[in-house]
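Numbering (our numbering), first residue to last: 1 to 322.
We put the beta carbon where it would ideally sit given N, CA and C, even for glycine.
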Amino acid sequence: MTRAFVLHSESPDDKSGGDQASRLRELVESLDSGQADSQGRNTPSRHIPPERRIPIIAVASGKGGVGKTTTSVNLSIALAAHNRRAILMDADIGLANADVLCGLMPKNRLDLAANGSGGLTLEDLAIDAPGGFRLIPGSVGIGRVDELNDVERRILLNSLQTLHTHNDVVLIDTSAGLGPSVTEFISAADVGLIVVTPEPTSIADAYALIKVLVTAKEGQRHPVLSLVVNQVSGEREAEQVHDRIAGVCDRFLGYQMPMIGYIRKDKKVLAAVRSRVPYMIDAPKSAAAKDMSRLAQALIQWAGIEGRAAANASRRGWFARR
Numbered sequence: 001m002t003r004a005f006v007l008h009s010e011s012p013d014d015k016s017g018g019d020q021a022s023r024l025r026e027l028v029e030s031l032d033s034g035q036a037d038s039q040g041r042n043t044p045s046r047h048i049p050p051e052r053r054i055p056i057i058a059v060a061s062g063k064g065g066v067g068k069t070t071t072s073v074n075l076s077i078a079l080a081a082h083n084r085r086a087i088l089m090d091a092d093i094g095l096a097n098a099d100v101l102c103g104l105m106p107k108n109r110l111d112l113a114a115n116g117s118g119g120l121t122l123e124d125l126a127i128d129a130p131g132g133f134r135l136i137p138g139s140v141g142i143g144r145v146d147e148l149n150d151v152e153r154r155i156l157l158n159s160l161q162t163l164h165t166h167n168d169v170v171l172i173d174t175s176a177g178l179g180p181s182v183t184e185f186i187s188a189a190d191v192g193l194i195v196v197t198p199e200p201t202s203i204a205d206a207y208a209l210i211k212v213l214v215t216a217k218e219g220q221r222h223p224v225l226s227l228v229v230n231q232v233s234g235e236r237e238a239e240q241v242h243d244r245i246a247g248v249c250d251r252f253l254g255y256q257m258p259m260i261g262y263i264r265k266d267k268k269v270l271a272a273v274r275s276r277v278p279y280m281i282d283a284p285k286s287a288a289a290k291d292m293s294r295l296a297q298a299l300i301q302w303a304g305i306e307g308r309a310a311a312n313a314s315r316r317g318w319f320a321r322r
């Protein structure tokens, strides 16, 4: 098989970082052209709406308990630390807890925008969160979001487009699993980050999610997918997990699956969760925080996330090119 690209270096000063970003751009261009593999199957093409003004990043996982929400929250903080105005929408249906990880107690939640009560928009629901990002709190318990019909869900998805004015990037923390709410939020994004751990069940469920997304019906949007390998001992274990998933994706789906980064297992992550303070703030010098900062750097280059200084200029990132 052709080994998928790995976008991660052990040091943020590693000169190979530019080469890695360049290689991924080549991969993205091959996705645009629908590159066929050796068996004649086409890799799904990207379909980015021309009106899209800022990148939308969905963070997902096939299995719960892999650190998806922790990754979403701390990635938002890491992007803010790199001078990107990040807003995170907690779309973990019925089990939203990004606010808990941040030590927040929001009054309003995503349900209000989903069902139209009170005339509140997503921007109206956004609250300031620790570390400089903004959070749209999700629904908890048995919420209306879990019962959205197609029209209501489409209204909520379309409202993502209204967040471009005050933000440089939108992140969506999806539910775990393979349900329609998960796949539709990922399909609405430009990039789908699939969080996976070395556990066999996590690997199997991540592949199942990738398969659903890659083999979606013709005409549906296909976001660019990439792995984030969480809770690993180091780069070698991350690459082993990546190789396993990339191998089956290439063999059975004809899809080149890259890895944009990994997060090392770190006791300080659990301590931060218990204290309800994101580890990017609670333990900024920890191994996990350093890995997250590098992940944010890679994502900024990959997704063309422009900072505030470039917000008034013509957006020239590859997501804007059609």
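Looking at the secondary structure, which residues open and close the beta strand (DSSP E) in which residue i lies?
{"i": "Ile260", "result": "259–264"}
{"i": "Val59", "result": "56–60"}
{"i": "Arg53", "result": "No beta strand (DSSP E) contains Arg53, which DSSP labels as neither H nor E."}
{"i": "Arg134", "result": "134–136"}
Using beta-carbon positions only, say whether residue i and residue j come within less than 8 Å of one another.
{"i": "Ile93", "j": "Ser175", "result": "yes"}
{"i": "Ile87", "j": "Ala58", "result": "no"}
{"i": "Gly138", "j": "Ala98", "result": "yes"}
{"i": "Val170", "j": "Leu160", "result": "yes"}
{"i": "Ala303", "j": "Val191", "result": "yes"}
{"i": "Thr69", "j": "Leu122", "result": "no"}
{"i": "Ile54", "j": "Asp90", "result": "no"}
{"i": "Ala296", "j": "Leu79", "result": "yes"}
{"i": "Glu184", "j": "Arg153", "result": "yes"}
{"i": "Leu225", "j": "Met257", "result": "yes"}
{"i": "Pro278", "j": "Gly132", "result": "no"}
{"i": "Ile209", "j": "Ile194", "result": "In the sequence on display, residue 209 carries Leu and not Ile. Yes, they are a contact pair."}
{"i": "Glu211", "j": "Leu157", "result": "Glu is not the amino acid found at residue 211; the sequence shown has Lys there. Not in contact: Lys211 and Leu157 (Cβ atoms no closer than 8 Å)."}
{"i": "Val140", "j": "Ala96", "result": "yes"}
{"i": "Ile245", "j": "Ala206", "result": "yes"}
{"i": "Gly103", "j": "Arg251", "result": "no"}
{"i": "Ala288", "j": "Met259", "result": "no"}
May I ask which residues mark the beginning and end of the alpha helix (DSSP H) holding residue i?
{"i": "Arg244", "result": "235–248"}
{"i": "Ile281", "result": "279–282"}
{"i": "Ala129", "result": "First-last for Ala129: undefined, no H or E at that position."}
{"i": "Val140", "result": "Run containing Val140: none; DSSP gives neither H nor E here."}
{"i": "Lys290", "result": "287–303"}
{"i": "Arg251", "result": "Unbroken run through Arg251: none, as it is neither H nor E."}
{"i": "Lys267", "result": "267–275"}
Any idea if residue i is buried or exposed, counting beta-carbon neighbours within 10 angstroms, 16 or more meaning buried?
{"i": "Gly62", "result": "buried"}
{"i": "Asn167", "result": "buried"}
{"i": "Asp346", "result": "The structure shown does not extend to residue 346, since the chain is modelled only from 1 through 322, so no value can be given for it."}
{"i": "Gln240", "result": "exposed"}
{"i": "Thr215", "result": "exposed"}
{"i": "Thr165", "result": "exposed"}
{"i": "Asp173", "result": "buried"}
{"i": "Gly65", "result": "exposed"}
{"i": "Arg274", "result": "exposed"}
{"i": "Lys270", "result": "One point to set straight first is that residue 270 is Leu, not Lys, in the sequence displayed. When all chains shown are included, Leu270 counts as exposed."}
{"i": "Ile84", "result": "Ile is not the amino acid found at residue 84; the sequence shown has Arg there. So Arg84 ends up on the buried side."}
{"i": "Gly67", "result": "buried"}
{"i": "Met105", "result": "exposed"}
{"i": "Pro180", "result": "exposed"}
{"i": "Gln220", "result": "exposed"}
{"i": "Asn42", "result": "In this prediction, Asn42 has a pLDDT of 35, which is less than 50 and means its spatial position is unreliable; what the coordinates show is noted afterwards. Flag for Asn42 reads exposed."}
Of all Cβ atoms in chain C, is any one closer than 8 Å to the Cβ of residue i?
{"i": "Ala246", "result": "Structure shown: chain C not included; a single protein chain is present."}
*Ordered list of alpha helix (DSSP H) runs contained in the segment 156–226, each at least 4 residues*: 180–187, 200–214
_the segment 263–276 contacting the segment 67–83, beta-carbon criterion three pairs below 8 Å_ = yes
*Write down every uninterrupted run of the beta strand (DSSP E) in the segment 66–114 whose length is 3 residues or greater and which is fully enclosed by it, in chain order.*
86–91
*asked:* Whether or not the segment 195–214 and the segment 224–237 are in contact is what I'm after, with contact meaning three or more pairs of Cβ atoms, one per stretch, closer than 8 Å; do they touch?
replied: yes
*Does the segment 288–297 touch the segment 110–119, meaning 3 or more C-beta pairs lie closer than 8 Å?*
no
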